[in-house]
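Visitor: If you scroll down you'll find the structure; I have some questions about it.
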Amino acid sequence: MNQGKGQTMWGGRFAATPSEIMEEINASLDIDRRMAAEDIAGSRAHADMLAEMGIISEADNEAIQGGLDTVLAELRDGTFPFRRALEDIHMNVEARLKELIGEPAGRLHTARSRNDQVITDFRLWTRSALDGAGSLLAGLQAALVTRADENAGTIMPGFTHLQTAQPVTLGHHLLAYVEMASRDRSRLADCAVRLNESPLGAAALAGTGFPIDRDMTAEALGFARPMANSLDAVASRDFALEALADLSIAATHLSRLAEEIVLWTSPQFGFAALTDAWSTGSSIMPQKRNPDAAELVRAKASLITANYSALQGAIKALPLAYAKDLQDDKRLTFEAFDTFNLCVRAMTGMIETIRFKPDAMRAAAAKGFSTATDLADWLVRELGLPFREAHHVTGTLVAKAEAKSCDLAELSLAEMQEVHAGITQSVFDVLTVEASASSRTSYGATSPVRVAEQVAQWKQRLRLE
Ligand code: ARG
1 MNQGKGQTMW
11 GGRFAATPSE
21 IMEEINASLD
31 IDRRMAAEDI
41 AGSRAHADML
51 AEMGIISEAD
61 NEAIQGGLDT
71 VLAELRDGTF
81 PFRRALEDIH
91 MNVEARLKEL
101 IGEPAGRLHT
111 ARSRNDQVIT
121 DFRLWTRSAL
131 DGAGSLLAGL
141 QAALVTRADE
151 NAGTIMPGFT
161 HLQTAQPVTL
171 GHHLLAYVEM
181 ASRDRSRLAD
191 CAVRLNESPL
201 GAAALAGTGF
211 PIDRDMTAEA
221 LGFARPMANS
231 LDAVASRDFA
241 LEALADLSIA
251 ATHLSRLAEE
261 IVLWTSPQFG
271 FAALTDAWST
281 GSSIMPQKRN
291 PDAAELVRAK
301 ASLITANYSA
311 LQGAIKALPL
321 AYAKDLQDDK
331 RLTFEAFDTF
341 NLCVRAMTGM
351 IETIRFKPDA
361 MRAAAAKGFS
371 TATDLADWLV
381 RELGLPFREA
391 HHVTGTLVAK
401 AEAKSCDLAE
411 LSLAEMQEVH
421 AGITQSVFDV
431 LTVEASASSR
441 TSYGATSPVR
451 VAEQVAQWKQ
461 RLRLE
């Protein structure tokens, strides 16, 4: 709908209506309508403050608050008349308010600009989005801890370079992601603290001559304090950039876990299977069970990083203060949060239901001379060899076993003694994968006992009991 001459908010200055393409490129309503509730909250706080300071009358404030109640109800009922010609959510709400209450609506924008209005709304939106994403991550942590608890003693191969390295426990492996998610959550929480200053009252860029009380509006909206520089307030988007960086890092962790699911569920690994609810089939190959959700998480992690990069690009050469380039901040940020939240939900669902195959994991852990380090450690402990020499002796034994196509534990004691005469029968005690994993009891290590301790701590921290 075209508003026609004189009906846009700046109609006084303009004789002609915008071209359709101008409207198309300029309108942000389809995106920023998601901030309607925040916009109304900001307007309420602003109007209350204007009345408190005697800048508008109590009667006008009452009319404004009543009108905003109606607008909010219309938004909730889905009857709010969104008009794209009015560009954005701010002007849509104000125009509707004018239709509902008449003249007092025109007083609401006193000592305010869309520049401080939009960034107030956006900070409020991002603050709760950070909280929401953090809660979803807590849900993923809970799923991981539950599965770690069940698998504190499940042996699997630990890899470096994707080559079998040493036996580890599946519980330990899953808890590694719990730790990453914990740091991710703390980054999101930090971002919310830094974000939590109020730009409202910065007006267009220079502040206002009206005797406003910025502390009052800041407090009403749950901000810790007003921002100290009005140019900074309307020009800065580093809080959004920081949120996107935090999401990008967190999504990178999701992507690594997703990649492990892809590997583990491949027939070549066979460590796990996704349930029907989390797999897709192939239209041509009946045997396929594809881990599409995990693959999509892997791909979508890049979208979040790309949105970070796009926002950084939009900001980096902008002179102070506001420019319309900044309007795109919301699209990039909303999309990143939506994508991230979907990815966390998908990972949580997969982790909750994935069926691990302990026998296959154990068998794989026993391959590739995974207990060679245990043998070297035994030589150090029992025979007093320097580790470098023990490493060399073990290497020779591995080569010997490899030549015979057998495992280290399948060499005879005599064969071992050909390499080092001091070796005794008790060496075989350290060559099983169970002994190997159980022996690693240092703080943070993989032994089932340590994993059970960590699981117990996480259950407390996540209040899972
Ligand atoms: N829709 C605009 C945005 O998101 C609101 C601010 C417009 N300010 C302006 N000076 N044109 O950035």
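Per UniProt numbering, the sequence shown starts with residue 1, numbered consecutively. Heads up, the beta-carbon is just placed ideally off N, CA and C, and yes, glycines get one too. Keep in mind that this is a model prediction, so the values were computed, not measured.
1. In this structure, how does DSSP classify Ala360 when only helix, strand and coil are distinguished?
2. Which residues mark the beginning and the end of the beta strand (DSSP E) in which Thr160 is found?
3. In the DSSP assignment, find the beta strand (DSSP E) that holds Thr446 and state where it starts and stops.
4. Rounded to the nearest angstrom, what separates Gln416 and Ala294 at their Cα positions?
5. Taking the alpha carbon of Ala165 as the reference point, which residue from Ala365, Phe271, Gln65 has its own alpha carbon closest?
6. What distance in whole Å lies between the Cβ atoms of Arg237 and Ile315, which are believed to be in contact at a cut-off of 8 Å?
7. Looking at C-alpha atoms only, which residue of Leu274, Ala258, Leu318 is the closest neighbour of Lys300?
8. Return helix, strand or coil for Asn229, following the three-state DSSP convention.
9. Buried or exposed for Asp77, please, with buried defined as at least 16 other CB atoms from any protein chain shown within 10 angstroms of its CB.
10. From the DSSP output, read off the bridge partner residues of Thr169.
11. Use the C-beta contact count for Asp443: other C-beta atoms within 10 angstroms, 16 or more gives buried, fewer gives exposed.
12. How would you write the range of the alpha helix (DSSP H) that His90 sits in, first residue to last?
13. Looking at ligand 1, does it come within less than 8 Å of Val118, judged from the CB to the closest heavy atom?
14. Output the residue ranges of the alpha helix (DSSP H) runs that lie fully inside the region 9–64 and measure 4 residues or longer, sorted by chain position.
15. For Gly201, does the count of other Cβ atoms within 10 angstroms reach 16, so buried, or fall short, so exposed?
16. Distance, Cα to Cα, Leu100 vs Met216?
17. I'd like the ranges of any alpha helix (DSSP H) spanning at least 4 consecutive residues and lying wholly in the region 262–315.
18. Determine, using beta-carbon pairs with one atom in the region 381–397 and one in the region 329–346, whether at least three such pairs fall under 8 Å.
19. What does the Cβ neighbour count give for Phe387, buried or exposed, with the cut at 16 atoms within 10 Å?
20. Given a threshold of 16 other Cβ atoms within 10 Å of its Cβ, counted over all protein chains shown, does Gln460 qualify as buried or as exposed?
21. Is Ala233 near ligand 1, going by C-beta to nearest heavy atom under 8 Å?
22. Can you give me the C-alpha to C-alpha distance between Gly106 and Lys98, rounded to a whole angstrom?
23. Taking the alpha helix (DSSP H) that Ile119 belongs to, which residues open and close that run?
24. What three-state label does DSSP hand Ser198 in the structure shown?
25. Take Arg289 and list the residues in its own chain whose beta-carbon comes closer than 6 Å to its own, dropping the five residues that flank it on each side.
26. Quick check: does the Cβ of His90 come within less than 8 Å of any heavy atom belonging to ligand 1?
27. Below 8 Å on the Cβ atoms is my contact criterion, and I expect Ser426 with Pro157 to pass it. Report the Cβ-Cβ distance as a whole number of Å.
28. For Arg34, is the beta carbon positioned less than 8 Å from some heavy atom of ligand 1?
29. Per DSSP, Arg355 is paired with what?
30. Might you give, ordered along the chain, the residues of its own chain that have their beta carbon closer than 7 Å to the beta carbon of Arg362, omitting 5 neighbours on each side?
31. For Arg33 versus Asn92, is the C-beta spacing smaller than 9 Å?
32. Between Ala15 and the rest of its own chain, which residues show a CB-CB distance below 6 Å, the 5 nearest in sequence each way excluded?
33. List the endpoints of the continuous alpha helix (DSSP H) containing Thr373.
34. Along the chain, where does the alpha helix (DSSP H) that runs through Thr208 open and close?
35. With a threshold of 16 other CB atoms inside 10 Å of the CB of Glu38, please say whether the residue is buried or exposed.
36. Thinking C-beta only, is Ala47 closer than 9 Å to Leu221?
Guide: This is what the structure gives:
1. Here the question's residue 360 lines up with position 360 in the sequence shown. Residue state, collapsed to three classes: helix.
2. Numbered from its first residue, the sequence shown carries residue 160 at position 160. Segment 155–160, the beta strand (DSSP E) holding Thr160.
3. Reading the sequence shown from its first residue, position 446 is the one you call residue 446. For Thr446, no beta strand (DSSP E) segment is defined, and its DSSP state is neither H nor E.
4. Mapped onto the sequence shown, residue 416 falls at position 416. Mapped onto the sequence shown, residue 294 falls at position 294. A small fix is needed here, since residue 416 is Met in this sequence, not Gln. Rounded to the nearest whole angstrom, the CA to CA distance from Met416 to Ala294 is 45 Å.
5. To locate residue 165, count along the sequence shown from 1; it is residue 165. Measuring from the Cα of Ala165, the nearest candidate turns out to be Ala365.
6. For the purposes of this step, residue 315 is taken as the residue at position 315 of the sequence shown. For the purposes of this step, residue 237 is taken as the residue at position 237 of the sequence shown. That belief holds up - the Cβ atoms of Ile315 and Arg237 are roughly 6 Å apart, short of 8 Å.
7. Here residue 300 corresponds to residue number 300 of the sequence shown, with the count starting at 1. Proximity to Lys300 across Leu274, Ala258, Leu318 peaks at Ala258, based on C-alpha coordinates.
8. Working through the sequence shown from its first residue, we reach residue 229 at position 229. Under the three-state reduction of DSSP output, Asn229 falls in the coil class, being neither helix nor strand.
9. For the purposes of this step, residue 77 is identified with residue 77 of the sequence shown, where counting begins at 1. Exposed: under 16 other Cβ atoms inside 10 Å.
10. On the sequence shown, position 169 is the one that residue 169 refers to. Ile155.
11. Counted from its first residue, the sequence shown places residue 443 at position 443. Sequence inspection shows Tyr at residue 443; the Asp mentioned does not correspond to that position. Burial call: exposed.
12. Start at 1 with the first residue of the sequence shown, and residue 90 comes out as number 90. Its alpha helix (DSSP H) spans residues 89–101.
13. Residue 118 sits at position 118 when you count from the first residue of the sequence shown. At least one heavy atom of ligand 1 is nearer than 8 Å to the Cβ of Val118, so yes.
14. Within the region 9–64, the runs of alpha helix (DSSP H) at least 4 residues long that lie entirely inside it are, in chain order, 20–26, 29–32, 36–52.
15. Within the sequence shown, the letter at position 201 stands for residue 201. Residue environment for Gly201: buried (at least 16 other C-beta atoms within 10 angstroms of its C-beta).
16. Position 100 of the sequence shown, counted from the first residue, corresponds to residue 100. Position 216 of the sequence shown, counted from the first residue, corresponds to residue 216. Going from the Cα of Leu100 to the Cα of Met216 covers about 27 Å.
17. Correct list: 292–315.
18. Counting Cβ pairs under 8 Å, fewer than three are found: no touch.
19. To locate residue 387, count along the sequence shown from 1; it is residue 387. It counts as exposed.
20. Within the sequence shown, residue 460 is the residue found at index 460, counting from 1. Taking all protein chains in view, the Cβ of Gln460 is surrounded by fewer than 16 other Cβ atoms within 10 Å, so the residue is classified as exposed.
21. Looking up residue 233 in the sequence shown gives position 233. No, the Cβ of Ala233 stays beyond 8 Å of every heavy atom of ligand 1.
22. Here the question's residue 106 lines up with position 106 in the sequence shown. Here the question's residue 98 lines up with position 98 in the sequence shown. Cα to Cα, the separation comes out at about 7 Å.
23. One-based indexing of the sequence shown puts residue 119 at position 119. Run containing Ile119: 114–150, per the alpha helix (DSSP H) assignment.
24. The residue given as residue 198 occupies position 198 in the sequence shown. Of the three classes helix, strand and coil, the one that applies to Ser198 here is strand, per DSSP.
25. Within the sequence shown, residue 289 is the residue found at index 289, counting from 1. The residues are Ser279.
26. Within the sequence shown, the letter at position 90 stands for residue 90. Of the heavy atoms belonging to ligand 1, at least one sits nearer than 8 Å to the Cβ of His90.
27. Against the sequence shown, residue 426 aligns to sequence position 426. Against the sequence shown, residue 157 aligns to sequence position 157. Not a contact, Cβ separation roughly 25 Å.
28. Walking along the sequence shown from the start, residue 34 turns up at place 34. Every heavy atom of ligand 1 is 8 Å or more from the Cβ of Arg34, so no.
29. Within the sequence shown, numbered from 1, the residue matching residue 355 stands at position 355. Bridge partners of Arg355: Ala273.
30. The residue you call residue 362 lines up with position 362 of the sequence shown. Non-local C-beta neighbours of Arg362 in its own chain, meaning closer than 7 Å and more than five positions away in sequence, comprise Ile155, Val433, ordered along the chain.
31. The residue you call residue 33 lines up with position 33 of the sequence shown. The residue you call residue 92 lines up with position 92 of the sequence shown. Against a cut-off of 9 Å, the Cβ pair of Asn92 and Arg33 comes out as a contact.
32. Locating residue 15 in the sequence shown gives position 15, counting from the first residue. Same-chain partners within the cutoff: there are none.
33. One-based indexing of the sequence shown puts residue 373 at position 373. 372–383 is the extent of the alpha helix (DSSP H) around Thr373.
34. Locating residue 208 in the sequence shown gives position 208, where the first residue counts as 1. Counting along the chain, Thr208 falls outside any alpha helix (DSSP H), and DSSP gives it neither H nor E.
35. Position 38 of the sequence shown, counting from 1, holds the residue named residue 38. The C-beta of Glu38 has 16 or more other C-beta atoms within 10 Å across all chains shown, which makes the residue buried.
36. The sequence position of residue 221 within the sequence shown is 221, counting from 1. The sequence position of residue 47 within the sequence shown is 47, counting from 1. Contact flag unset, no.
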